[in-house]
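Protein chains in written order, with my numbering: chain A, 1 to 178; chain B, 179 to 282. We put the CB at the ideal spot given by N, CA and C, even for glycine. Below: the structure, in structure tokens.
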Amino acid sequence: MNTLFFIAAAIAIISSVLAISNRNAIHALLYLIISLLSISIVFYILGAPLIAALEVIVYAGAIMVLFIFVVMMLNMGMEEETEKKWLTPRMWILPSVLAAVLLVIFLYLLQAFRNEKTGVEAINPKQVGISLFTTYLIAVEIAGVLLLAGIVGAYHLGKQRKKVIHRFMVKNPSGRKV
Amino acid sequence: MEIQILFAAILFLIGLVGFLVRRNIIFMLLSIEIMLNSAALVFVIAGSHWMQADGQVMFIFILTVSAAEVSVGLALILQMYHHFKTLDADALKKLRDKQEVEKT
Numbered sequence: 001m002n003t004l005f006f007i008a009a010a011i012a013i014i015s016s017v018l019a020i021s022n023r024n025a026i027h028a029l030l031y032l033i034i035s036l037l038s039i040s041i042v043f044y045i046l047g048a049p050l051i052a053a054l055e056v057i058v059y060a061g062a063i064m065v066l067f068i069f070v071v072m073m074l075n076m077g078m079e080e081e082t083e084k085k086w087l088t089p090r091m092w093i094l095p096s097v098l099a100a101v102l103l104v105i106f107l108y109l110l111q112a113f114r115n116e117k118t119g120v121e122a123i124n125p126k127q128v129g130i131s132l133f134t135t136y137l138i139a140v141e142i143a144g145v146l147l148l149a150g151i152v153g154a155y156h157l158g159k160q161r162k163k164v165i166h167r168f169m170v171k172n173p174s175g176r177k178v
Numbered sequence: 179m180e181i182q183i184l185f186a187a188i189l190f191l192i193g194l195v196g197f198l199v200r201r202n203i204i205f206m207l208l209s210i211e212i213m214l215n216s217a218a219l220v221f222v223i224a225g226s227h228w229m230q231a232d233g234q235v236m237f238i239f240i241l242t243v244s245a246a247e248v249s250v251g252l253a254l255i256l257q258m259y260h261h262f263k264t265l266d267a268d269a270l271k272k273l274r275d276k277q278e279v280e281k282t
């Protein structure tokens, strides 16, 4: 179990360093996804299967998709030539190798947990749910309010203001019908 | 236990260095994500050490906070790109004193 932890931790550190030192935003995000996946493996080794699943679904799934959408919307300095350069398979070798190592570890862990060979006592999701909805109920509600504020803030900030004023609106800047 | 916390500390350090070194604002937000993630990792490590579910509950809250933070931050980045046509964090100097800018 310890060696698996060390392998996953090494992959996490390597891919995080590559993520912050990369010049290309899409490549950096790819390495960050690898880092999140390896941290998810670490959670699994620690005996937190619910958190491992949440890490993959929410972090590597939802939040990284947000990042990738923004990078694509901003069209960060990519020309035709750089796009050609992206398609070379050389760029994808290292992330694929790291992800393959993680996949092997994960399959081994699934096998080990099914046969109850590990010395790890897992905290099952039921305990987490009970604790979440009894002891921390007020915090769950506050988190809901925070998410609502996040939605409203992102909508308000992300709105594009019209730059071209309609020709009928010029005399009447308030925009009301006369 | 110690080695796992050391791992989380190294991850936090990587995020901090990335935040301080990079000037591209998307990379700064990305480094913040790494730091939040390592902080959440410490909660889960402690929770598994004492066999309590509270650590995982805290992870869920940190996940919520980071999701809200990322959505608002990315909307701000879009606005910044529309106003200044750049992603350089150093371009946002309008609030600084003019004299100070001339001095430096």
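Which value, in whole angstroms, describes the spacing of the CA atoms of residue i and residue j?
i, j, result
"Val250 of chain B", "Thr242 of chain B", "13 Å"
"His156 of chain A", "Gln111 of chain A", "48 Å"
"Ile93 of chain A", "Leu30 of chain A", "12 Å"
"Phe239 of chain B", "Ile105 of chain A", "28 Å"
"Lys272 of chain B", "Gln257 of chain B", "15 Å"
"Asn202 of chain B", "Ala8 of chain A", "28 Å"
"Lys263 of chain B", "Ser16 of chain A", "28 Å"
Between residue i and the rest of its own chain, which residues show a CB-CB distance below 6 Å, the 5 nearest in sequence each way excluded?
i, result
"Ile11 of chain A", "Ser38, Leu98"
"Phe221 of chain B", "Gly233, Met236, Phe237"
"Phe190 of chain B", "Met213, Ser216"
Buried or exposed for residue i, please, with buried defined as at least 16 other CB atoms from any protein chain shown within 10 angstroms of its CB.
i, result
"Ala149 of chain A", "exposed"
"Gly144 of chain A", "exposed"
"Met206 of chain B", "buried"
"Arg90 of chain A", "exposed"
"Met180 of chain A", "Coverage of chain A is limited to positions 1 through 178, which leaves residue 180 of chain A absent and any answer about it impossible."
"Phe43 of chain A", "buried"
"Ala62 of chain A", "exposed"
Whose C-beta lies closer than 8 Å to the C-beta of residue i among residues of the same chain, with five residues either side of it excluded?
i, result
"Met179 of chain B", "Ile223, His227"
"Gln187 of chain B", "A quick correction: the sequence has Ala, not Gln, at residue 187 of chain B. Hits under 8 Å: Ser216."
"Ile20 of chain A", "Ala28"
Run through chain B and tell me which residues come within less than 8 Å of residue i, C-beta to C-beta.
i, result
"Leu54 of chain A", "Phe237, Ile238, Leu241"
"Ile63 of chain A", "Glu211, Ser244, Ala245, Val248"
"Ala28 of chain A", "Phe205, Leu208"
Could you list which residues in chain B have their beta carbon closer than 9 Å to that of residue i, in chain order?
i, result
"Glu121 of chain A", "Ser226, Met229"
Apart from the five residues on each side of it in sequence, which residues of its chain come closer than 7 Å, Cβ to Cβ, to residue i?
i, result
"Asn22 of chain A", "Ala28, Tyr31"
"Leu36 of chain A", "Glu55, Tyr59, Ala60"
Cβ closer than 7 Å: which chain B residues qualify as neighbours of residue i?
i, result
"Tyr136 of chain A", "Val235"
"Leu50 of chain A", "Gln234"
Residue i touches chain A at which residues, Cβ-Cβ below 8 Å?
i, result
"Ile183 of chain B", "Per Cβ cutoff of 8 Å: no residues; Ile183 of chain B is ~12 Å from chain A at best."
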